[in-house]
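Have a look at the structure below before the remarks.
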Amino acid sequence: MSPRHAITAYGIALLVVALIAGTALFAVRELSHRALDGAERQAGRFIGGAQSALNRAVLGVDVLLAGAGDLVPEPALLQTPAARDRVSQLMEIGVNQNPLVQNMTLVSASGQRLVSSEERGRGNGGGSGLPAGYLDAVLQPTVPTLVIGNPVTSALTYQQVLHLGRALRLSDGTRVAVVAEVDLALLMNLLVQGADINGLEVTLERDSGLLMASVPTFVRSQSPPPARIGGSGLSRGEARLTGAPAIVVVRRSMQTDVLVTGSIPLASALADWRRERNIIFSFALALIWVVAAAAVLAHRRIQRQRRARLELLRSRAQLDQALESMQVGFVLLDSDHRMLVWNRSFLEIFPAAEDLTALHRPFAPILALAAQYRRHPSGGVDTGSALETWLLQTRGANAVAPFEDELYLPDGRVIRSTKNRTPDGGLVCIYQDVTEKKMRTAEILQSRAQLQATLDALPDTLLELDGNGLCHQFHAPQGTGGPIDGQDPMGRAVHDFLPPGAAAAVMDAVREAEVAGASRGRHFELALAGGAGHFEISVSRKALQGAEPTGYIVILRDVTQAELAARHIRQLAFYDVLTGLPNRRYLLDLMASAVRIHPGSGHGAVLFLDLDDFKTLNDALGHAMGDVLLKEAAARIRRHVRPGDVVARLGGDEFVVMLEGLGPDVEAARTQAREVGEQILAALNMPFSLDAQTRYQRTCSIGVALFDGRERSLEELLKQADIAMYVAKTSGGNGLRYFEPAMQATVAARSALENEIREALAARAFDLHYQSQVDESGHVVGAEALVRWRHPQRGLVMPGDFIAVAESTELIVPLGLQVLEMACAQLALWAQNPERAALQLAVNVSARQFRRDDFVEQVERVLAASGANPAMLKLELTESLLQSQMEETIRTMHRLKAIGIRFSMDDFGTGYSSLSYLTQLPLDQIKIDKYFVGGIGCDPKIELIVQTIIGMARNLDVELIAEGVETQAQCDFLRANGCFRYQGYLFSRPVSIAEFESALSA
């Protein structure tokens, strides 16, 4: 389709669309005008009716008031109660005849109520209850006129009423006012009676814009006077009540200052129009879609026709290209053997035929040229009668079957000539160079020989069987052994040369291959001279020659070594290498089977075991000794469980025992689980002989979780047992605890605290407080940096609330690094102040942090980044660090000592307390633990220990400092015995850096 045709088609479609859209818009606009005109007429009719109703109502009241003068006798008679009652009764009769009037009152010019139709108002002498100024408005005109007041609340009925009054002149010439109270609600109901206009607003207003009453009831501020809306009384503006766009109609009552207005919101007036508009637009849109779809379909149809023409031309070109690109020679002859079509490859094969080739030229000369290259079946060149016979056969008009021959060209090429008849009697001649194919055939024959040699070298046994298991061909590996083991299976069934089990497995595989086409993965086992042999069966289906039944190629592969390796891998995958117990993966499989047992089979229990302080053994004696302990512990656990119970190792020093069949009673199950657990505890409490010289005694903590036949999460069950174990361990260890739901909260709180510590580390919410270290004169020589946590909810958190969790979760390492960074940064700041440059700062280092391989590098990086003087930094180590890896500890201390860092031994005398390490460690200071300092003056033995520590430090030339000094007596004792460095509440509590520096400046 040309661009011009496309533009024309789409232009026509666009014109039709524009016509549809224009027609729809015109129709919608006309319907809008009609809807508005109809609404205006409807509003006008209604307000006209309301105006008439108002006039009739007002006229009725006016007539009632005008006739009131006939009811009143001489004014003097109104002074008697009987006369007043008589007049009141007559007035009440008149009021009852007009449903709008609630009360009628006769009021004197002085404002005194003379008589009333209401029972409650029949007395005289009271006030009129009329609004201020209304009585004057009634009596002022010289000609009696009906005066309508503003809405007020009736003093008698407490309802909104209108006062309608006129002046009367009594027989003695006295002017009085007769006033009727009209129920405003009844009046408005009369005006809107029969109105069925959605959203209609009706108001009764003054010329001034004062709203007297409305339907619906509405409270609004002063609006523009309705008289200004328009001379015709009809306009489009804002509704009198809501202010929404509306059709507004105004009519004046017979009382010229009272107006009746009606407002119909445009939204209501146009509601039906909107529905009609939506229908018109939907219909128009549907027509537009139809026109657009027709245009697109027409466009596509023309495009398809154009593509078909192009495709035909392209196909012809491709056919020509295909003929020219064919690697075989092609010639098409008509029924008279004249040339119609040929390609370039034909002329390349027979260059001498180029001069003989022309359209409709006979093919016989070229055929004679090719005949000289035909080789006789005996091997020589065709001559004489044989050649003539071949030519006649090739050109024979009666030849129907394809005729194929080979031509051997002088250049060594072999050309295969194939000739096929066409339905119209023509001939298709194909000349294909098969030189390479001949060479490949020779290569295939050679490959077959190589394949046979390869088969002879293969260790697999190959069998060709039929569906009944009868062997037709076979190949057995050289030498003895294998499933056949020197037998000749030819013509025999597999059951005759294989053992029954092996033969059955082979036939099962054959039957599977008969259905699926192949079989893989079946195995059988044979007893061989060298032991059990494992063989894998592979079978593929094969169609045998001629009418013979389907055959099957069977390969029997010796997979004995692979099977042994697989068993070893399974052992590694499902069993712990060290103890030979099931690992976590296998345990979960066993537990999955156990928890699926029906409830009638009874309860079970999971015991979670953890060796107490096992890490201490590893650190002190090495992992080799730890492995010996684990193997012996596993053996003891297995000896103290029932047959059939499962013992598994989860990793590290954690073991799990699963007990099944504990009975349907839960208490009995608890008792049995406790008995097994206590036996295991007793066994593990016995000393372990780790080697000929080492005996080690250790306790164990056990947590127990019971289960029954209901489906449960295996991980949840293990977690419950783990939680119970954790509670047992935190309660002092060497005990057994059952899981209780309350334990979950304890562990959850610990986990929450761990997460909060991680978040605090990320937010760097830890600060340092500083406790002064002083000399014998009270001069501050340094401080110990103590970490504090600025918690967003709990405020300042002391180390005792979070250090233990940090130690157990490895978070102590990043926390220690942050403390070291803050301490070095403070040292760098002090170095800039000559008065504080000599202050030393002690920082506690945990064993986990100190034993990290990169601890020295961490310290070097922190010092380099902060610029702090290493000589002013003192690292406080605990004695627990010396319980293992002494040589590595000493090596690390010497590396740090070379940088210039000083070392202090914290809590001396409370931990490892081996005096031998004092001569090996490069210590600069020993800190007397506050436990010993607190005993000064209370326990002579402790005082003797303190004196011994002081003397030992003096002889070793190591500086000494006492922590926890709280009384002057303690300080005096220490000074008297030779300790001249002190730290404690006697001198200062740990304070913030601002308070610490403020105390220095004091």
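Each residue of the sequence shown is one higher than the last, beginning at 1 in UniProt numbering. Backbone N, C-alpha and C define an ideal beta-carbon position, used for all residues, glycine too.
Which value, in whole angstroms, describes the spacing of the CA atoms of residue i and residue j?
i	j	result
residue 1011	V250	Because the chain in this structure spans residues 1 to 1002, residue 1011 falls outside the shown range and cannot be described.
I555	L528	18 angstroms
A999	Q832	18 angstroms
A227	A57	Low per-residue confidence applies at A227: pLDDT is 49, beneath 50, and the placement is therefore not dependable, though the value from the model is reported in the following sentence. Spanning the two alpha carbons is a distance of roughly 22 angstroms.
V628	L681	18 angstroms
D576	K729	24 angstroms
D488	L470	12 angstroms
N468	I430	47 angstroms
residue 1034	I537	No answer is possible for residue 1034: it lies beyond the span of the chain, which begins at 1 and ends at 1002.
V87	L106	10 angstroms
K631	V856	36 angstroms
A286	I197	34 angstroms
R852	E810	11 angstroms
R344	I7	46 angstroms
R41	A24	26 angstroms
I20	I288	7 angstroms
Q193	N278	33 angstroms
L873	P814	19 angstroms
L986	L956	28 angstroms
R758	E740	28 angstroms
S713	G964	52 angstroms
Among the candidates the options, whose CA atom is the shortest distance from the CA of residue i?
i	options	result
G69	L815, A673, E436, V179	V179
A837	A828, L31, V843	A828
M91	R520, Q79, L114	L114
V182	D172, V192, L162, L190	L162
L71	A83, Q79, Q720	A83
A293	Q970, D411, I12	I12
Q327	R338, L333, W342, H337	W342
V747	S846, D722, L761	D722
G703	D610, H640, A308	D610
Q983	R300, S992, V933	V933
F497	M507, P483, D972	P483
M625	V666, T694, E201	T694
P410	R361, P351, L427	P351
S519	V494, P870, S315, Y552	Y552
D207	D665, Q255, R861	Q255
E879	T948, A868, D929	D929
P423	E443, L332, E406, G964	L332
F903	I936, V862, Q840	Q840
A635	G580, V101, A749, Q112	G580
Measure the beta-carbon distance from residue i to residue j and round it to whole angstroms, keeping in mind my assumption that it falls under 8 angstroms.
i	j	result
V515	V539	Contact doesn't hold; Cβ gap of about 11 angstroms is too wide.
R981	Q773	6 angstroms
R584	L650	5 angstroms
L266	I247	7 angstroms
I148	V258	6 angstroms
C700	D612	6 angstroms
Enumerate in chain order the residues of its own chain whose CB-to-CB distance from residue i is below 8 angstroms, with the five nearest sequence positions on each side excluded.
i	result
R175	A109, L139, A167, L168, R169
S751	none
Using a Cβ-Cβ cutoff of less than 6 angstroms, which residues in the same chain neighbour residue i once the five nearest sequence positions on both sides are dropped?
i	result
C979	I950, L960, A962
A27	I280
E784	Q771, A842
A765	R790
S32	W273
For residue i, which beta-bridge partners are listed by DSSP?
i	result
R416	E406, Q432
H163	E181
I280	According to DSSP, which records beta bridges pairwise, I280 is partnered with nothing at all.
P245	E238
S335	Note: S335 sits in no beta bridge, so no partner.
P582	Y575
R737	G703
Closer than 7 angstroms by C-beta to residue i: which residues in its own chain qualify, once you throw out the five before and the five after it? Chain order, please.
i	result
L817	Q858
S117	S88, M91, E92, V95, N103, M104
F218	L241
L356	P365, I366
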